[in-house]
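Undergrad: So the sequence shown is numbered by this note's numbering: it starts at 12 and just counts up by one.
Glycine is no exception: its CB is placed at the ideal position from the N, C-alpha and C atoms.
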Amino acid sequence: MNNVFTGMRISSSGLTAERLRMDTIASNIANATTTRGEKGQPYVRKIAVFQENLQGELDKATGTYKKSFKGVKAVGIEDDTSPLRNVYDPAHPDANAEGYVKMPNVNILNEMADMIAATRAYEANVNTINAQKSMFSKALEIGSR
Numbered sequence: 012m013n014n015v016f017t018g019m020r021i022s023s024s025g026l027t028a029e030r031l032r033m034d035t036i037a038s039n040i041a042n043a044t045t046t047r048g049e050k051g052q053p054y055v056r057k058i059a060v061f062q063e064n065l066q067g068e069l070d071k072a073t074g075t076y077k078k079s080f081k082g083v084k085a086v087g088i089e090d091d092t093s094p095l096r097n098v099y100d101p102a103h104p105d106a107n108a109e110g111y112v113k114m115p116n117v118n119i120l121n122e123m124a125d126m127i128a129a130t131r132a133y134e135a136n137v138n139t140i141n142a143q144k145s146m147f148s149k150a151l152e153i154g155s156r
């Protein structure tokens, strides 16, 4: 009976992961022009990092150790290591002696493309959960006859 809800748990973990990814992208877009943060440095683009969530167990029948996929889990949010942009704007308060301002390494076009991909992955997980709910409902209808 435990395996019946495995698909829903996997899709649920996908929903959680894509939500974190969308929140991270939204933060990047909101700070795309932030030239001075808490430490006086420009904002650095953030990237949500995930990994598969495996659960290992000993198979008593064969005596072997097997791993089963339990979905995806967030490992953390890391800074993007790509270089910051230099923009010529001598009137900007954060401009250096040559008139250049260090700007965040956020590219709005890339962020929007990532947001579309994250939204579609989120929708796919929602559709999977809805399909599984529909199958469970039909199974209950068949069982009640």
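1. I'd like to confirm the pairing. Which residues does DSSP put opposite Ala106 in its beta bridges?
2. Which residues bound the alpha helix (DSSP H) around Arg20?
3. Use the C-beta contact count for Ser93: other C-beta atoms within 10 angstroms, 16 or more gives buried, fewer gives exposed.
4. Between Ser38 and the rest of its own chain, which residues show a CB-CB distance below 7 Å, the 5 nearest in sequence each way excluded?
5. Nearest to Ile119 by CA position, among Ala43, Arg32 and Ser22, is which residue?
6. Excluding the 5 residues preceding and the 5 following Phe61 in the sequence, name in chain order all residues of the same chain whose CB lies nearer than 7 Å to its CB.
7. When you compare only the Cα positions, how much space is there between Thr130 and Glu152?
8. If contact is defined by three or more beta carbon pairs under 8 Å, each pair taking one atom from either stretch, is the segment 128-147 in contact with the segment 21-36?
9. Grab me the residues of Met19's own chain with a C-beta within less than 7 Å of its C-beta, minus the 5 sequence neighbours each way, in chain order.
10. Give the single residue among Ser155, Thr46 and Ile21 whose Cα lies nearest to the Cα of Glu63.
11. Per DSSP, which one or two residues make a beta bridge with Leu65?
12. Within the present structure, is the beta-carbon of Ser23 separated from the nearest heavy atom of the ligand MG by less than 7 Å?
TA: Short version:
1. Position 95 of the sequence shown, counting from 1, holds the residue named residue 106. Under DSSP, Ala106 shares a beta bridge with no residue.
2. The residue you call residue 20 lines up with position 9 of the sequence shown. Arg20 -> alpha helix (DSSP H) spans Thr17 to Ala41.
3. Working through the sequence shown from its first residue, we reach residue 93 at position 82. By the 10 Å Cβ count, Ser93 comes out exposed.
4. If you number the sequence shown from 1, residue 38 lands on position 27. For Ser38, where only same-chain residues beyond five positions count, the Cβ hits under 7 Å are Lys57.
5. Position 108 of the sequence shown, counted from the start, is the residue given in the question as residue 119. Ranking the options by Cα distance to Ile119, first place goes to Ala43.
6. Position 50 of the sequence shown holds residue 61. Correct list, in chain order: Ala28, Val83, Lys84, Ala85 and Val86.
7. Residue mapping note: residue 130 aligns to position 119 of the sequence shown, counting from 1. Residue mapping note: residue 152 aligns to position 141 of the sequence shown, counting from 1. A direct Cα-to-Cα measurement between Thr130 and Glu152 gives close to 33 Å.
8. yes
9. One-based indexing of the sequence shown puts residue 19 at position 8. Excluding residues within five positions, the ones whose Cβ falls inside 7 Å are Ile140 and Gln143.
10. Position 52 of the sequence shown, counted from the first residue, corresponds to residue 63. With distances taken between Cα atoms, Glu63 lies closest to Ile21.
11. For the purposes of this step, residue 65 is taken as the residue at position 54 of the sequence shown. DSSP output for Leu65 lists Phe80 as bridge partner(s).
12. Inclusion of the ligand MG in the displayed structure is not the case, the ligand content being empty and no account of it being possible.
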